[in-house]
Structures are given as C-alpha cells and as structure tokens.
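To convert a position in the sequence shown, counted from 1, into the numbering used here, add 90. Even glycine gets a Cβ: it sits at the ideal position worked out from N, Cα and C. Please read the structure below before turning to the comments.
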Amino acid sequence: MPLMKSWVESANTADCPFPLNNLPCGVFSTDDTDARCGVAIGDMILDMAEAEEKGLVSLAEVALFDVPFWNDLMEEGPETWAALRARLIELLSEGASERDQVEKLLVPMADATLHLPFVVSEYTDFYAGKHHATNVGTIFRGAENALPPNWLHIPIGYNGRASSVVVSGTDVRRPWGQLKGPDDARPHFAPCKRFDLELEIGAIVGQPSDGPITVQEADDNIFGYVLLNDWSARDIQAWEYQPLGPFQAKATANTISPWIVTKAALEPFRTDTPEREVELLDHLKDCGPMLYDVELSVSLAPEGKDATTIARTNFKELYYSAAQQLAHHTTSGCPMNPGDLLGSGTISGPEKHQRGSLLELSWSGKEPVQLDSGETRSFLEDGDTLTLHGAARGDGYTIGFGECAGKVLPALDDPYKR
Ligand code: MN
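Here it is in structure tokens:
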C-alpha cells in the first residue's frame with residue numbers, strides 16, 4: 091500500500107510519523123481545552139471531541155471522545171474501530187468534501203500537551219524475546235542454564251502494576267531498595283546503582299474475554315500498540331526475583347509513548363514469528379503472521395549533552411506474538427478487559443548493537459557502552475534522558491509511534507526521613 095494523501099500537507103512526506111495511513115489515537119489538552127481524545131495527522135491533532143460534537147463523526151448512541159481516554163471507543167468493538175478509521179480517512183483525504191469543517195478542528199501538535207491515551211486497567215509484562223532471555227539468563231545463571239526449561243513452551247510473564255504506567259515525558263526518580271551483592275554478608279537499603287531500561291512494545295487489549303481464547307481471538311481483541319520502557323532496577327531485581335519473579339525492581343515506572351498505533355495501521359507490516367525450536371502445544375500455535383516489522387531504537391542523552399543511539403532492533407525479533415501472550419494469559423480463565431496492557435518483554439536482536447537493555451549492552455557492566463559525548467555507561471546516571479523510537483517503513487510513508495522518553499532524577503536523600 092502506498093502513501094495515502096491528505097489535505098494536511100505535513101502528513102504527506104515519506105518520513106512524517108503520522109500520515110493518513112497511521113491515524114494513531116492520543117489524549118491531548120491545550121491552554122483552552124481539557125484533556126480529550128485526538129488523532130494525529132501530520133503535525134496536527136484532530137480534536138475528536140469537537141468532531142463528534144459537530145456531528146462529523148458519529149459512531150455510537152453515546153459520546154465516545156469527550157473524555158481523557160480511548161477505553162470507551164475500544165469497548166465498542168472491532169466494527170466500530172473499522173468504521174472510525176474509514177470515516178477519518180474520508181474526512182482527511184485529499185479532496186475531502188468536508189475539509190472546511192474539519193480544518194477548524196485541527197490543533198497544532200506543538201501547542202498541545204499529551205497525556206496517557208487510555209486508562210490502564212491492568213498491566214502484565216512478558217519475557218517473550220529469546221535473545222534477551224538468553225542474554226539475561228547467561229549473565230545471571232551461566233550459559234548452561236540460560237533459558238529456563240519452560241521458556242520454549244510458554245510466554246513467561248508476571249503481573250505488574252497499572253499504577254506504574256506513565257506517559258512519555260514524565261520524569262522517573264531513581265528508586266531505593268533492598269540490595270545484596272554476591273559478596274555482601276547481609277542486605278542493605280540504598281538507592282539503586284544499576285538502573286536500566288527495557289525496550290518493549292505494549293499491546294493494548296480492546297475487547298473483554300472471560301475464559302480461554304484462541305490465538306486468533308486474542309489477535310482480534312488487540313486494539314493497538316505503544317512503545318514501552320520498563321524501567322528496571324537490576325540490583326534490586328537480582329536479590330528479590332527468586333522464587334516469584336520481579337516485584338519492586340519493576341514497580342517504579344513504565345513509560346509508554348503517547349499515541350496508540352492501531353492494529354489496522356500496522357496491518358501491511360505483519361510478519362511471522364521466528365522458526366519454532368520446539369513445537370508449541372496446539373492452543374499456542376501460530377495461526378498467521380502476528381508480529382510486525384517495526385524498526386526500534388534507543389537513544390541516551392546525558393544531562394545537557396547530545397543523544398547517542400545505543401541500540402537498534404526490530405519488533406519482529408520477539409519469539410512470541412502479543413496474540414500468543416494474550417491467549418496464554420487467558421488459559422486459566424483469567425478475565426481480560428479493555429485497557430489491559432501487555433508488555434512484550436525486552437526486544438533484543440542477535441547482534442550486540444541490537445540489545446534492548448543496558449544490562450545486555452554493557453554485559454552487566456563488564457563492557458561499558460561508549461557515548462558520542464565521550465562518556466561511557468554501564469547503567470543509567472542521574473540526568474540521563476532515555477528515548478525509545480519506533481517506525482514501520484512503508485512504500486513512501488512511515489508509521490511512527492511518537493517518542494517514548496523519560497529523564498532519570500536523582501534518588502531522594504532518604505525516603506524515610508520525616
Ligand atoms: Mn520488562
């Protein structure tokens with residue numbers, strides 16, 4: 091599919107992240123308006139609350155967009171999602187008859203503040219990247235025991251905290267926690283010294299389920315995708331993670347990009363998962379291409395310095411698709427709801443520069459990463475700004491995700507000082 095041309099001129103360049111082919115869903119406010127739903131087109135945002143109020147978009151008996159979240163639209167279901175996309179393409183295409191009315195409802199993105207695009211009902215984080223799991227397993231347990239025995243059979247995950255999910259641009263404070271190094275006689279309470287990122291994609295569940303669903307049904311229930319940085323305290327994690335998995339190491343913050351890129355926009359970029367090393371049980375088997383060819387990168391900017399790209403990888407490097415993760419999530423009968431967020435797990439590729447965390451890039455501090463500023467990093471320093479980028483490259487157009495950025499603030503002096 092080629093670039094679809096819009097009368098919004100800024101949307102028609104090959105490298106614009108928000109062409110008519112994309113139409114991602116966000117929540118924005120301005121000096122004059124409360125937070126409400128908007129759709130990105132070029133360097134503008136279409137005010138969806140106004141478009142609905144003016145009768146330009148009419149999808150349900152009730153108003154869907156004069157709220158600071160997309161959950162209501164998600165609940166309406168796939169037919170409504172498709173009707174919305176079709177109507178937006180009609181309104182924003184080159185030569186659209188209602189251009190004059192729609193043009194008045196465009197807000198320059200530069201004047202808007204972006205908010206979390208949906209209410210995160212619950213948050214689960216998976217561990218579905220084989221290169222990452224192999225690297226981390228090798229670092230923590232040695233090459234012999236790198237992949238746990240269950241890894242090639244189920245997408246491993248843990249239940250995270252919805253309250254930890256923040257939108258791009260939110261500062262992230264270095265956490266304190268209980269630490270115990272291999273040579274320490276006893277644990278101590280101190281600021282994290284090995285603060286890290288995890289480059290992930292978050293899948294957003296758009297439809298409820300109340301019992302086991304198939305991989306195909308799971309794919310049908312996914313509304314869209316965001317970039318996700320799972321900020322990780324490696325020293326807290328190393329001490330706490332056995333036997334129930336990460337807890338406080340992963341609860342400080344999870345930053346997501348502000349625009350939900352819909353499954354429909356990513357349709358031309360579907361790819362298969364990598365070859366299975368062991369046959370999956372029937373209920374988790376692939377039933378079509380459910381990963382996506384999305385280029386991903388991470389940049390790190392020390393305070394006041396230029397950013398260096400420290401990793402480049404691709405969404406298609408995952409071993410399990412989000413649909414497989416969601417299907418597995420429901421096998422117990424676990425109910426899923428619109429607004430459920432599923433982190434993919436760190437997406438690393440096979441090469442060293444494709445590693446999606448500093449733990450892997452610096453091999454646990456043994457091989458510090460060189461920055462353009464002349465500094466090196468094994469883990470994050472105070473003042474560092476971390477930014478994730480994502481782009482699917484089509485024929486003369488780009489499907490962008492918007493930035494997923496956060497700056498590390500220093501730890502508090504003493505969080506228990508009253
Ligand atoms: Mn993670």
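In this structure, the C-beta of Asp320 approaches the ligand MN to less than 7 Å from one of its heavy atoms. In this structure, Ile303 sits away from Ala153, with a CB-CB distance that is not shorter than 8 Å.
Within the same chain, and ignoring the five residues on either side of Thr170 in sequence, the residues whose Cβ sits closer than 6 Å to its Cβ are Leu149.
Boundaries cannot be given for Pro458, as no alpha helix (DSSP H) includes it and DSSP labels it neither H nor E.
By the Cβ-count criterion, Pro238 is exposed, with fewer than 16 other Cβ atoms from all chains shown falling within 10 Å of its own Cβ.
Within the same chain, and ignoring the five residues on either side of Gly484 in sequence, the residues whose Cβ sits closer than 8 Å to its Cβ are Met91, Pro92, Leu93, Asn111, Pro358, Phe359. Looking at the backbone, the Cα of Val129 and that of Phe285 are separated by about 34 Å.
Judged by DSSP in its simplified three-state form, Arg189 adopts helix.
Within the same chain, and ignoring the five residues on either side of Phe469 in sequence, the residues whose Cβ sits closer than 6 Å to its Cβ are Arg284, Phe285, Asp286, Leu448. For a cut-off of 8 Å, the C-beta gap from Leu478 to Thr398 is around 14 Å, too long to register as a contact. Beyond the five residues adjoining it in sequence on each side, Val192 comes within less than 6 Å, by CB distance, of Leu181 in the same chain, given in chain order. Taking one beta carbon from each stretch, the segment 220-230 and the segment 427-443 have 3 or more pairs nearer than 8 Å; the two touch. Residue environment analysis places Leu408 among the buried positions, since at least 16 neighbouring C-beta atoms fall within 10 angstroms of its C-beta. With the rule of 3 Cβ pairs closer than 8 Å, the segment 253-261 does not count as touching the segment 374-390. If you draw a straight line from the Cα of Ala412 to the Cα of Trp453, it is about 27 Å long. When rounded, the separation of the alpha-carbon atoms in Ser96 and Asp156 is 25 Å. For Cys494, the beta-bridge partners assigned by DSSP are Leu478. If only uninterrupted beta strand (DSSP E) runs of at least 3 residues are considered, those enclosed by the segment 142-227 are 196-198, 203-205, 212-216. The Cβ neighbour count for Leu334, taken over all protein chains shown within 10 Å, is under 16; the residue is labelled exposed. Beta-bridge annotation (DSSP): Thr361 is paired with Leu381.
Using a Cβ distance threshold of 8 Å, Pro458 and Pro298 do not count as a contacting pair.
Burial state of His221 is buried, judged by a 10 Å Cβ sphere holding 16 or more other Cβ atoms. If the five residues before and after Pro505 are omitted, its C-beta is found closer than 8 Å to the C-beta atoms of Trp266, all from its own chain and listed in chain order. Excluding five sequence positions before and after Asp430, the CB atoms of its chain that fall closer than 6 Å to its own CB belong to Ser211, Glu212, Val295, given in chain order. About 3 Å separates the Cβ atoms of Glu393 and Gly473, confirming a contact at the 8 Å cut-off.
Note on geometry: alpha-carbon atoms of Pro379 and Val498 lie some 37 Å from one another.
Annotation note: the segment 266-342 contains the following uninterrupted alpha helix (DSSP H) runs of length 4 or greater, listed N- to C-terminal: 305-311, 324-330. Collapsing the DSSP output to three states places Arg483 in a strand.
In the DSSP assignment, Ala130 falls outside any alpha helix (DSSP H) and lies within the beta strand (DSSP E) extending over 126-131.
Annotation for Gly480 indicates a beta carbon at 7 Å or more from all heavy atoms of the ligand MN.
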